[in-house]
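Residue numbers (the UniProt record's numbering): 1 to 228.
We put the CB at the ideal spot given by N, CA and C, even for glycine.
Taking it in order: structure first as structure tokens, then the write-up.
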């Protein structure tokens, strides 16, 4: 009968346990009350301690971060100037700091004029042009009052340079000296040094000095050497 009871489904485990005890008592001829009830199954699992509850923090107590902010972070504009590393920028007005920012700025300069000096052994030709090549003034030993062989010398070249520079001053004023002049020498006549001395004596600012004398490298056969 016990196997049938074990095989029969039972919805109540307590009723099944009572039936098993009664059947065991009949088999052992013992009163049903003498059989000790089966101990109730106890759980041996250690109870898990409850996690300590953290104090609630309001959203206003937490610092606002860039992730929580709805808009991207934008630095607030201030009147103070942040100086880059390596530079000491004063935070006070320039007048109080003793700094003249107007004089520290690069001045606006115009393109210098170009003075072409062609110094031959018979004459000296001087032409002053712009950087684009537009002629402004020109002079030579003949314009200075020297004739024929007298044009080949130091003094005619000096006077020719002085006359050409004076014409530029008459057209553009005294400010033309501050623009500077780019001197280009061509040839090795005596007027080469004379024109250079005239530029310095008249107080012109020299921006650049260049020698554009052509040098033969092959090509046509040169003329024969002069006999002395």
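- Residue state for residue 210 is assigned as strand, using DSSP reduced to three classes.
- In the three-state DSSP reduction, residue 27 falls in the helix class (H, G or I).
- Under DSSP, residue 129 takes part in a beta bridge, and its partners are 114 and 135.
- Relative to the Cα of residue 147, the nearest Cα in the group 169, 136 and 123 belongs to 123.
- C-alpha of residue 219 to C-alpha of residue 171: approximately 42 Å in a straight line.
- Residues 202 of the same chain have their beta carbon placed closer than 6 Å to that of residue 165, with the five preceding and five following residues left out of the count.
- Here the C-alpha atom of residue 197 lies approximately 8 Å from the C-alpha atom of residue 158.
- For residue 121 and residue 142, the gap between their C-alpha atoms comes out near 14 Å.
- For residue 186, the uninterrupted beta strand (DSSP E) segment begins and ends at 181-186.
- Note on residue 217: under 16 other CB atoms within 10 angstroms of its CB, so exposed under the neighbour-count rule.
- For residue 204, there is no enclosing alpha helix (DSSP H), as DSSP marks it with neither H nor E.
- Annotated as proximal: residue 184 and residue 212, with beta-carbon spacing under 8 Å.
- Cβ contact annotation for residue 163 (same chain, cutoff 7 Å, sequence separation greater than five): 139, 143 and 144, in chain order.
- Cβ neighbours of residue 167 within its own chain (closer than 7 Å, five residues either side excluded): 137.
- A Cβ-Cβ separation of about 4 Å places residue 180 in contact with residue 112 under the 8 Å criterion.
- In the three-state reduction of the DSSP assignment, residue 124 falls in the strand class, which pools E and B.
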